[in-house]
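Using the numbering used here, you'd call the opening residue of the sequence shown number 45 and step up by one each time.
By construction, the Cβ of each residue, glycine as well, lies at the ideal position given by its N, Cα and C atoms.
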Amino acid sequence: MSILKTDHEVRPARLDDAEAVCALCNAWSMSVRGVSTHDAVEQRVDWQSPGFDIEGDTRLAHNADGTLVGYASVWDTEAPHVRVGSFLRVHPKHGSAELEETLLDWLESRARRAIDRAPTGARVVLSAGSFSEDEGRADLLKRRGFVLVRHFVRLRKEMEALPEQPQPPSGISIRTFDRALDLRPAVLAVREAFRDHWGHVEGDLEEEIEQWRHWTHEDPDFDPSVWHLACDGDEIVGASFGTTKRPEADNLAYIYVLGVRGGWRGRGVARALLQHSFRTFFERGRPVVDLDADAANLTGAMRLYEGVGMRQIWRDDAYEKELRPGKDLSRKTLDH
């Protein structure tokens, strides 16, 4: 148990804190955006991810009466450790600006440990996200030296009837993911598909496979029937991975990953994957489908999403703070 320049009791999270942390995060997101964002089952799975140290990478803040009023976590689970993720929530009614500052102090201090793990001479940054509606968080981040670097948008497809059966391009078939056979080749395909996306940092393949194995084998809500692969013969060339369980609404599905390898782009593979997913979700009682996208995607994906009838419902802003200057290992342009 530690005290970080605050009268609050501050300690690391435990797995049995998942419900309380999600209640806090949902109270915050409801106050800002009017939706719930967190699920306790998913939270526990995340905390047990390979490379994540719940003791060292999380902090909870409680009031004197035991009320949870703040949560912070650092995500630095994979090499090359040049971009450290952060997450911070303070209860909208029981928290305070001072507590938010205190937890951000801890986040920055913890994130700086990545500097010694990163390659010599590489630039290291701490990333933070903010709902576009949250002007207070944006002001705090800017005051603390963070710079706005990107906008990401939530897109939504609403269906009133079962979509038509998609027609993949010639030679392409779409099938369901088999976690016993497809894990490694699917990870390789997704790595290639996202290699030219803004901000991509090439990580260690085996670490990435272990992360995917954790999500597909340890998450009790994992449903392979809504994970779809586009194949050219036996070769995986694209993927659409989703879920029918979301905290926002019972009629909602979500697509975590949509990607097509470079050599197969421009032929309608991504469109066929999306339409296949829409149809599957509708048949499962989920007529509303969401996904998140880079608002200035380097490969022109926004045109695809708009072309299949998706619309923007909100925006998230990505901030970065430089912890060490150096060579930037992340992709910024297609010719990077």
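Length of the line joining the Cα atoms of residue i and residue j
i      : j      : result
LEU148 : GLY129 : 12 Å
VAL421 : THR146 : Because the chain is modelled from 45 through 380, residue 421 falls outside the range shown and cannot be assessed.
ALA293 : TRP308 : 34 Å
GLU279 : LEU68  : 44 Å
ILE47  : LEU143 : Note that ILE47 scores 43 on pLDDT, short of 50, meaning its location in the model is unreliable and no value can be drawn from it.
HIS261 : ILE299 : 18 Å
LYS371 : ALA172 : 20 Å
ARG305 : ALA105 : 44 Å
LEU381 : SER174 : With the chain running from 45 to 380 in the structure shown, residue 381 is simply not present.
ASP338 : SER80  : 22 Å
ARG315 : CYS66  : 34 Å
MET45  : ARG239 : Legend: pLDDT at MET45 = 39, less than 50; position of this residue unreliable, no value from coordinates given.
SER117 : PHE326 : 35 Å
GLY351 : ALA345 : 10 Å
GLU63  : LEU112 : 11 Å
GLN92  : CYS275 : 32 Å
GLY78  : THR102 : 26 Å
PHE190 : TYR363 : 6 Å
PRO136 : LEU184 : 15 Å
THR287 : ARG58  : 26 Å
SER75  : ASP90  : 24 Å
PHE131 : SER214 : 44 Å
PRO94  : ARG88  : 12 Å
GLU86  : GLN211 : 34 Å
LYS197 : ARG154 : This sequence places Val at residue 197; Lys is not what is there. Rounded to the nearest angstrom, the two C-alpha atoms are 29 Å apart.
GLY353 : GLU99  : 44 Å
ASP60  : GLY277 : 46 Å
GLY310 : GLU208 : 21 Å
PRO56  : TRP150 : 12 Å
GLU236 : ALA182 : 33 Å
ALA158 : GLU250 : 20 Å
ARG156 : ILE357 : 35 Å
DSSP bridge partner residues for residue i (one or two, in chain order)
i      : result
ARG154 : Paired residues: none, contrary to the question.
ARG198 : ASP336 and TRP358
THR287 : TYR298
ASP276 : ILE216 and GLU279
VAL169 : ARG127 and GLU366
SER117 : THR102 and PHE131
SER174 : ASP361
VAL304 : GLY282
LYS371 : ALA166
Residue nearest to residue i in terms of C-alpha spacing, selected from the options
i      : options                           : result
GLU152 : HIS135, ARG127 and GLU252         : ARG127
SER134 : ASN107, TRP72 and PRO207          : Here residue 134 turns out to be Val, not Ser, going by the sequence shown. Selected option, being the one with the closest Cα: TRP72.
LEU318 : GLY243, ALA297, GLY215 and ASN107 : ALA297
ARG161 : HIS125, LEU199 and SER217         : HIS125
TRP271 : GLY310, ASP222, PHE238 and GLY243 : ASP222
SER176 : VAL313, HIS195, LEU249 and ALA166 : HIS195
HIS320 : ARG219, LYS137 and ALA345         : ARG219
PHE96  : ARG77, VAL79 and ALA123           : ALA123
SER217 : SER93, LEU273 and ALA141          : LEU273
ASP226 : LEU249, PRO268 and SER374         : PRO268
GLY247 : ARG355, LYS201 and THR121         : THR121
ALA141 : LEU170, ILE357, GLU179 and ARG235 : GLU179
LEU206 : ARG330, LYS365, HIS52 and THR343  : ARG330
ASN107 : GLU366, ARG188, ASP51 and MET203  : ASP51
ASP361 : ALA166, LEU348 and ASP336         : ASP336
MET203 : PRO56, THR324, ASN70 and ALA237   : THR324
HIS365 : PRO229, GLU250, PRO163 and ARG187 : It is Lys, not His, that sits at residue 365 in the sequence shown. Answer by Cα proximity: ARG187.
GLY303 : ALA182, THR343 and ILE159         : THR343
TRP119 : THR164, PRO163, LEU170 and PRO229 : LEU170
Cβ distance (whole Å) where residue i is taken to contact residue j below 8 Å
i      : j      : result
GLU281 : GLU252 : The amino acid occupying residue 281 in the given sequence is Val; Glu does not appear at that position. Wrong, their Cβ atoms sit about 19 Å apart, outside the cutoff.
PHE285 : VAL301 : 4 Å
GLY26  : GLY139 : The displayed coordinates of the chain run from 45 to 380. Any statement about residue 26 would go beyond what the structure contains.
ALA283 : ALA233 : 6 Å
TRP242 : ARG359 : Incorrect: roughly 16 Å between the Cβ atoms, too far for contact.
VAL245 : ARG368 : So it is not a contact: roughly 15 Å between Cβ atoms.
ARG355 : LEU199 : 7 Å
LYS201 : VAL333 : 5 Å
GLY266 : TRP256 : Note on identity: in this sequence residue 266 is Phe, with Gly being the wrong assignment. Wrong, their Cβ atoms sit about 11 Å apart, outside the cutoff.
ASP83  : PRO264 : The Cβ separation is near 11 Å, so there is no contact.
LEU348 : ALA166 : The pair is not a contact, with the Cβ atoms about 33 Å apart (cut-off 8 Å).
Task: Every unbroken beta strand (DSSP E) inside the stretch 177 to 245 [3 residues or more] - done: Counting only unbroken stretches of 3 or more residues, the beta strand (DSSP E) elements lying wholly within the stretch 177 to 245 are 191 to 202 and 216 to 220, in sequence order.
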